[in-house]
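> To start, I am sharing the structure in question, which I have written as structure tokens.
In my numbering, the protein residues as written are 47 to 392.
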């Protein structure tokens with residue numbers, strides 16, 4: 047892409063101190079984010095998706111810190127921020143986050159309307175009745191009818207889908223430039239999931255936001271994303287346009303994720319699963335982190351970490367398979383079948 051990114055993370059390294067030991071959760075991770083796009087970050091639980099993006103809003107746990115790299119936003123390296131006041135100029139106002147569990151994101155003892163109003167008063171400087179009217183407007187904007195009555199209700203009086211709408215209202219109340227959605231449809235039934243995704247898409251267009259989705263649901267990715275970044279063991283191992291990842295993935299971990307899609311199951315056959323477990327992040331990882339779980343790993347995968355290789359101008363994968371000297375490795379049958387299915391559906 048020729049245009050400049052609005053946020054650029056370079057070689058970010060994040061560590062946590064746990065019982066006197068250091069755990070490196072993010073290992074030299076880089077990412078560019080462009081204005082108006084929808085980027086999906088995918089990977090299994092523990093791959094570092096949430097930790098990485100929480101560093102964009104200064105929400106790492108107290109025992110976590112950024113120990114390397116940079117995160118450039120609006121001409122400043124926000125990874126060097128140390129004071130809460132610095133983050134208050136970014137968090138909510140410029141970059142907002144929708145957490146995956148709305149019940150733990152909302153204060154059960156405070157009325158819904160007041161919680162939205164707090165965000166508006168904190169970041170927009172609007173007070174009193176004007177802030178209340180803005181909160182009512184946001185309730186209507188996220189599809190909650192009878193806003194005046196709902197304003198005075200508590201979180202337990204709302205369904206899961208309604209609570210998620212309220213959390214989204216709080217996040218977008220200050221018209222942020224970037225909205226991070228961390229598993230926004232977790233624990234919601236399929237119908238409500240679709241409604242929430244449609245709501246976010248509508249708000250993105252109306253408010254001209256850039257959206258990051260954090261998810262392990264590739265079905266969601268196919269529906270909402272422009273670009274996809276695949277994370278494994280604290281690193282982005284492949285990224286590209288959504289069609290490039292679904293049609294022509296090249297990292298063996300991406301293959302494994304795609305092969306496990308339920309839609310690709312064949313009646314009477316077991317659905318493929320990813321054998322083994324992710325690496326221990328307390329230790330130094332040598333070579334390709336996915337190699338011990340990859341039956342087609344090359345000898346070099348256990349010795350030397352691969353660089354990114356270009357698949358196209360917009361698609362890169364961190365795998366020795368793409369080295370010109372590597373033996374020819376065929377994409378799995380399930381991935382080829384996915385490509386054929388997608389082409390058949392147009």
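By construction, the Cβ of each residue, glycine as well, lies at the ideal position given by its N, Cα and C atoms.
Since the model is a prediction, treat every value here as computed from it, not as a measurement.
By how many angstroms is the C-alpha of residue 379 removed from the C-alpha of residue 290?
As a first step, residue 290 is located in the chain shown; it is residue number 244 there, counting from the start. As a first step, residue 379 is located in the chain shown; it is residue number 333 there, counting from the start. Those two C-alpha atoms are separated by around 17 angstroms.
> By DSSP, does residue 327 sit in helix, in strand, or in coil?
Taking the first residue of the chain shown as 1, we reach residue 327 at position 281. DSSP places residue 327 in coil when its eight states are reduced to three.
> Starting from residue 244, trace the alpha helix (DSSP H) in both directions and tell me its first and last residue.
Reading the chain shown from its first residue, position 198 is the one you call residue 244. Where residue 244 is concerned, the enclosing alpha helix (DSSP H) stretches over 236-253.
> Have a look at 167, 222 and 196 and flag the residue whose alpha-carbon is nearest the alpha-carbon of residue 251.
As a position in the chain shown, residue 251 is number 205, starting the count at 1. For residue 251, the nearest C-alpha among the options comes from 222.
> Assuming residue 320 contacts residue 335 under a Cβ cut-off of 8 angstroms, what Cβ separation, rounded to an integer in Å, is found between them?
By one-based count along the chain shown, residue 320 stands at place 274. By one-based count along the chain shown, residue 335 stands at place 289. Not confirmed; about 13 angstroms, so no contact.
> State yes or no: is the C-beta of residue 87 within less than 9 angstroms of the C-beta of residue 242?
The residue given as residue 87 occupies position 41 in the chain shown. The residue given as residue 242 occupies position 196 in the chain shown. Contact: no.
> Using only alpha-carbon positions, find the residue among 340, 329 and 332 that is nearest to residue 322.
Reading the chain shown from its first residue, position 276 is the one you call residue 322. Among 340, 329 and 332, the Cα nearest to that of residue 322 is on 340.
> Going along the chain, which unbroken runs of the alpha helix (DSSP H) with 4 or more residues stay wholly within the segment 72-146?
The qualifying runs are 95-100 and 130-134.
> In the DSSP assignment, find the unbroken beta strand (DSSP E) run with residue 270 in it and report its ends.
Position 224 of the chain shown, counted from the first residue, corresponds to residue 270. That residue, residue 270, is in no beta strand (DSSP E); its alpha helix (DSSP H) goes 264-270.
> With distances taken Cα to Cα, identify the nearest neighbour of residue 160 among 325, 147 and 175.
As a first step, residue 160 is located in the chain shown; it is residue number 114 there, counting from the start. Ranking the options by Cα distance to residue 160, first place goes to 175.
> Looking only at its own chain, which residues have a Cβ that is under 6 angstroms from the Cβ of residue 224, when we skip the five neighbours before and after it?
Within the chain shown, residue 224 is the residue found at index 178, counting from 1. Cβ within range, chain order: 141 and 256.
> Quick one: what does DSSP say residue 350 is sitting in, helix, strand or coil?
If you number the chain shown from 1, residue 350 lands on position 304. In this structure, residue 350 counts as coil in the three-state DSSP scheme.
> Within its chain, find whatever has a CB closer than 8 angstroms to the CB of residue 386; leave out the 5 residues flanking it on each side and keep chain order.
In the chain shown, the residue the question calls residue 386 occupies position 340. Here the set comprises nothing.
> Using a threshold of 9 angstroms, state whether the C-beta atoms of residue 373 and residue 365 are closer than that.
Start at 1 with the first residue of the chain shown, and residue 373 comes out as number 327. Start at 1 with the first residue of the chain shown, and residue 365 comes out as number 319. No, Cβ-Cβ distance for residue 373 and residue 365 is not below 9 angstroms.
> Can you check whether the CB of residue 154 is closer than 9 angstroms to the CB of residue 200?
Here residue 200 is taken as the residue at index 154 of the chain shown, counted from 1. Here residue 154 is taken as the residue at index 108 of the chain shown, counted from 1. Yes, these two residues count as a Cβ contact at 9 angstroms.
> Between the segment 267-282 and the segment 69-85, are three or more C-beta pairs nearer than 8 angstroms?
Segments in contact, yes.
> Excluding the five sequence neighbours on either side, which residues of its own chain have a C-beta within less than 8 angstroms of the C-beta of residue 74, listed in chain order?
The residue you call residue 74 lines up with position 28 of the chain shown. For residue 74, where only same-chain residues beyond five positions count, the Cβ hits under 8 angstroms are 57, 58, 59, 114, 115 and 281.
> What does the alpha-carbon distance come out to for the pair residue 226 and residue 89?
Residue mapping note: residue 226 aligns to position 180 of the chain shown, counting from 1. Residue mapping note: residue 89 aligns to position 43 of the chain shown, counting from 1. Spanning the two alpha carbons is a distance of roughly 16 angstroms.
> In the structure shown, what three-state DSSP assignment does residue 155 receive?
Here residue 155 refers to the residue found at position 109 of the chain shown. Coil.
> Based on Cα-Cα distance, which residue from 195, 198 and 324 lies nearest to residue 71?
Taking the first residue of the chain shown as 1, we reach residue 71 at position 25. Minimum Cα distance to residue 71 is reached at 324.
> Give me the Cβ distance between residue 299 and residue 276, rounded to the nearest whole Å; I'm assuming they're in contact under 8 angstroms.
Locating residue 299 in the chain shown gives position 253, counting from the first residue. Locating residue 276 in the chain shown gives position 230, counting from the first residue. The pair is a contact, with the Cβ atoms about 7 angstroms apart (cut-off 8 angstroms).
> Taking the beta strand (DSSP E) that residue 261 falls in, what are its first and last residues?
For the purposes of this step, residue 261 is taken as residue 215 along the chain shown, with counting starting at 1. Residues 256-261.
> Could you pull out every unbroken beta strand (DSSP E) segment of at least 3 residues lying fully inside the segment 171-215, listed in chain order?
Fully enclosed beta strand (DSSP E) runs of 3 or longer: not present.
> Among 233, 178 and 109, whose alpha-carbon lies nearest the alpha-carbon of residue 197?
Within the chain shown, residue 197 is the residue found at index 151, counting from 1. Comparing Cα positions, the closest option is 178.
> Does the beta-carbon of residue 362 have 16 or more other beta-carbons within 10 angstroms, so that it is buried, or is it exposed?
As a first step, residue 362 is located in the chain shown; it is residue number 316 there, counting from the start. It counts as buried.
> Under DSSP, the alpha helix (DSSP H) around residue 299 begins and ends at which residues?
Within the chain shown, residue 299 is the residue found at index 253, counting from 1. Residue 299 -> alpha helix (DSSP H) spans 298-305.
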